[in-house]
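Step one of this worksheet: look at the structure below.
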Amino acid sequence: MSKFSHWLRLAILPLISVSICASAAQSSTGASGQSSSNEAEVSRLTAASEQWITDVNSKDVARGIAGMTADAAIIAPDGTQAQGREQLVGYVSKLVATPGFHVEFKPDSVSLSIDGNVGYVTGKSVISFAMPDGQKQTRDGRLLTVWRKSDDGKWLCYLDVVMGNP
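According to mature numbering (1 follows the signal peptide of the UniProt record, and there is no 0), the residues represented by the sequence shown are -24 to -1, 1 to 142, in order.
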């Protein structure tokens, strides 16, 4: 594990914990522990996350980055980072040009900030691709995405952190 990756985990995990605790405190109404408006917003965020993965898997770069903010960043397991539209286009172009590239993502946590304008999705990921000899490779890992709600209510990914399993 690179020093940057280790530092990143140490920096992000407390933020996630605080946001989850704040979300739990905010949404303490209703039988399920969440208010109906909060449940609806969590559902919209979950749908946006699922659609984004579908768009990336379509191998259409424009679709793949359309669900991201203009200043969004992707941080790869090796610590490399692409930030902003131009770098994202280059990074996503390389990913989708990789033979056999496919992402699977199973969220295990979807949380909202107290004001409902920032969302966090974490879960397990499997990234598949073909090696130069044609053999299929899969990489299991974890994914953290941070989302912002735009002025029109649409969820856009602001940060995508892909982590390999320890």
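Cβ coordinates follow ideal geometry from the N, Cα and C atoms, glycine included.
For this session: Whole angstroms is fine: what's the gap from residue 185's alpha carbon to Leu64's?
Result: Absent from the structure is residue 185, since the part of the chain shown begins at -24 and ends at 142.
For this session: Take Lys100 and list the residues in its own chain whose beta-carbon comes closer than 6 Å to its own, dropping the five residues that flank it on each side.
Result: The residues are Lys82.
Exercise. Beta-carbon separation of Thr98 and Leu120 under 8 Å?
Worked result: Against a cut-off of 8 Å, the Cβ pair of Leu120 and Thr98 comes out as a contact.
For this session: With a floor of 4 residues, list each alpha helix (DSSP H) that falls wholly inside the region 55 to 104, ordered by position along the chain.
Result: DSSP runs (the alpha helix (DSSP H)) wholly in the region 55 to 104: 60 to 73.
Exercise. Using DSSP with H/G/I as helix, E/B as strand and the rest coil, what is Gly129?
Worked result: The three-state reading of DSSP puts Gly129 in coil, since its state is none of H, G, I, E or B.
Problem set entry | Length of the line joining the Cα atoms of Thr74 and Ile50 | Answer to the nearest angstrom: the Cα atoms are 17 Å apart.
Problem set entry | Boundaries (first-last residue) of the beta strand (DSSP E) holding Ala48 | In the DSSP assignment, Ala48 falls within the unbroken beta strand (DSSP E) covering Met44 to Ile51.
Exercise. To the nearest whole angstrom, what separates the beta carbons of Val86 and Ile29, a pair I think is in contact under 8 Å?
Worked result: In fact, because the Cβ distance is near 14 Å, the residues do not count as touching under 8 Å.
For this session: Note down, in chain order, each residue of its chain lying with its Cβ closer than 7 Å to the Cβ of Gly140, except the 5 sequence neighbours on either side.
Result: Pro53, Arg115 and Gly117, listed in sequence order.
For this session: Check Val122 in the structure and name its three-state DSSP category.
Result: Of the three classes helix, strand and coil, the one that applies to Val122 here is strand, per DSSP.
Problem set entry | C-alpha gap between Val18 and Leu88, whole angstroms | Those two C-alpha atoms are separated by around 7 Å.
Exercise. Within this structure, are the beta carbons of Ala24 and Gly43 separated by less than 8 Å?
Worked result: Against a cut-off of 8 Å, the Cβ pair of Gly43 and Ala24 comes out as a contact.
For this session: Between the Cα of Val68 and those of Val37, Tyr96 and Ala16, spot the shortest distance and give me the residue it belongs to.
Result: Closest by alpha carbon: Val37.
Exercise. Using the beta-carbon count (16 or more within 10 Å), is Ala48 buried or exposed?
Worked result: With 16 or more neighbouring CB atoms inside 10 Å of its own CB, Ala48 falls in the buried class.
For this session: Quick one: using the 10 Å Cβ neighbour count with 16 as the cut-off for buried, is Lys70 buried or exposed?
Result: Classified as exposed, Lys70 has fewer than 16 neighbouring CB atoms from the shown chains inside 10 Å of its CB.
For this session: Take the Cβ of Asp136 as the centre, count every other Cβ of all protein chains shown within 10 Å, and call the residue buried at 16 or more, exposed below.
Result: When all chains shown are included, Asp136 counts as buried.
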